[in-house]
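The block underneath contains the structure these notes are about, expressed in structure tokens.
Residue numbers (the numbering used here): 118 to 409.
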């Protein structure tokens, strides 16, 4: 049987205990110093990241303003400023600066840019499916800018809503209706629908179809309207006005007045024709109600 080891002297035991306590205190101090250093670094990085974020939003507005002014110097063939291009390029510049700034913020917080790009690349299919509506709006906005079916300031009809185009953004087009409403239309829906532009044409045809009683003189009404249109300087001579007898039955006689005018005179001339047809109809024995 092995003999027990001799006990250490008390002085040696005290020295060992003193050394263990010193090492523990030293390690504890080093640990707190490490934590303090990490917290300080994180606080500094967070402060810098917040500063970069604020600077990004300021730079986005500043860059959009610079782009808008730069595009303001670009003139169309008629010498006017292309407001639509200004709005679109300014919006594009703003979003690009914001994206670059957000990447810089992530990098400042310790997120590796390559890791972010790798994650985005791996999740690109899922993101594309989830954001297909938004991405389609961006693509449609680019196509609208290229094909120019309308410009800022044009009166258009889109999806049954009429209004003046106020802005063309990356995602939406803003319309202001005649009754003061603000309509935001997604670019993707606009590009896939019919677009009627009332501003682009320089001249329009006024079409007024009317009904009178079968015993009233349709030819007299049409001849009276022919003289009225010939005397009105707003009615264009080329193409010449067209007056038609469209039909006759036991209920009514149907006629039509078609005249070409400048786009700015369309509503005024159409109102005049409707009122004059009504007066002529009354003069011949009273207006005839339209068929049910």
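All C-beta atoms, glycine included, are put in the ideal place defined by N, C-alpha and C. Keep in mind it's a predicted model, so treat the numbers as computed, not measured.
Straight-line gap, residue i to residue j (C-alpha atoms, nearest Å)
i           : j           : result
residue 165 : residue 180 : 21 Å
residue 303 : residue 207 : 18 Å
residue 257 : residue 373 : 40 Å
residue 291 : residue 363 : 41 Å
residue 159 : residue 223 : 13 Å
residue 314 : residue 400 : 38 Å
residue 188 : residue 307 : 24 Å
residue 275 : residue 380 : 19 Å
residue 316 : residue 300 : 18 Å
residue 339 : residue 200 : 45 Å
residue 184 : residue 178 : 10 Å
residue 319 : residue 214 : 40 Å
residue 278 : residue 310 : 12 Å
residue 170 : residue 285 : 26 Å
residue 172 : residue 321 : 51 Å
residue 293 : residue 255 : 21 Å
residue 186 : residue 176 : 15 Å
residue 411 : residue 216 : The question about residue 411 has no answer, for the chain in this structure spans 118 to 409.
residue 390 : residue 354 : 16 Å
residue 219 : residue 156 : 22 Å
residue 221 : residue 269 : 35 Å
residue 161 : residue 312 : 54 Å
Cut-off 6 Å between Cβ atoms - residues of its own chain near residue i, not counting five sequence neighbours on either side
i           : result
residue 376 : 323, 346, 352, 358
residue 405 : In this prediction, residue 405 has a pLDDT of 49, which is less than 50 and means its spatial position is unreliable; what the coordinates show is noted afterwards. Cβ within range, chain order: 328, 329, 330, 369.
residue 343 : 360
residue 394 : 327
residue 267 : 273, 282, 314
residue 341 : 397
residue 271 : 282, 314, 316
residue 297 : none
residue 388 : none
Simplified DSSP assignment, three categories, for residue i
i           : result
residue 168 : helix
residue 327 : strand
residue 218 : helix
residue 182 : helix
residue 364 : strand
residue 354 : coil
residue 227 : coil
residue 332 : coil
residue 129 : Caution is warranted here: a pLDDT of 48 is assigned to residue 129, below 50, making its placement in the model unreliable, and the coordinate value is therefore given only provisionally. Residue 129 falls in the helix class under three-state DSSP.
residue 372 : strand
residue 346 : helix
residue 298 : coil
Closest Cα partner of residue i within the set the options
i           : options            : result
residue 385 : 350, 356, 354, 396 : 350
residue 204 : 261, 275, 320, 294 : 261
residue 253 : 278, 326, 305, 390 : 305
residue 288 : 297, 279, 281, 259 : 259
residue 264 : 202, 218, 219, 221 : 202
residue 163 : 255, 226, 336, 178 : 226
residue 356 : 168, 182, 378      : 378
residue 392 : 174, 325, 216      : 325
residue 336 : 382, 365, 309, 319 : 365
residue 209 : 182, 156, 295      : 182
Near the ligand ATP: residue i beta-carbon under 7 Å from a heavy atom
i           : result
residue 319 : For the ligand ATP, the structure offers nothing, since it holds no ligand at all.
Cutoff 7 Å; reference residue i; Cβ partners in own chain excluding five residues on either side
i           : result
residue 212 : 287
residue 167 : none
Chain-order list of residues whose beta-carbon lies under 8 Å from that of residue i (same chain, five-residue window excluded)
i           : result
residue 382 : 351
residue 295 : 279, 280
Going residue by residue through the stretch 250 to 295, where are the continuous alpha helix (DSSP H) segments of at least 4 residues, counting only ones entirely within it? Under the rule that a run must span 4 or more residues, no alpha helix (DSSP H) segment is found entirely inside the stretch 250 to 295.
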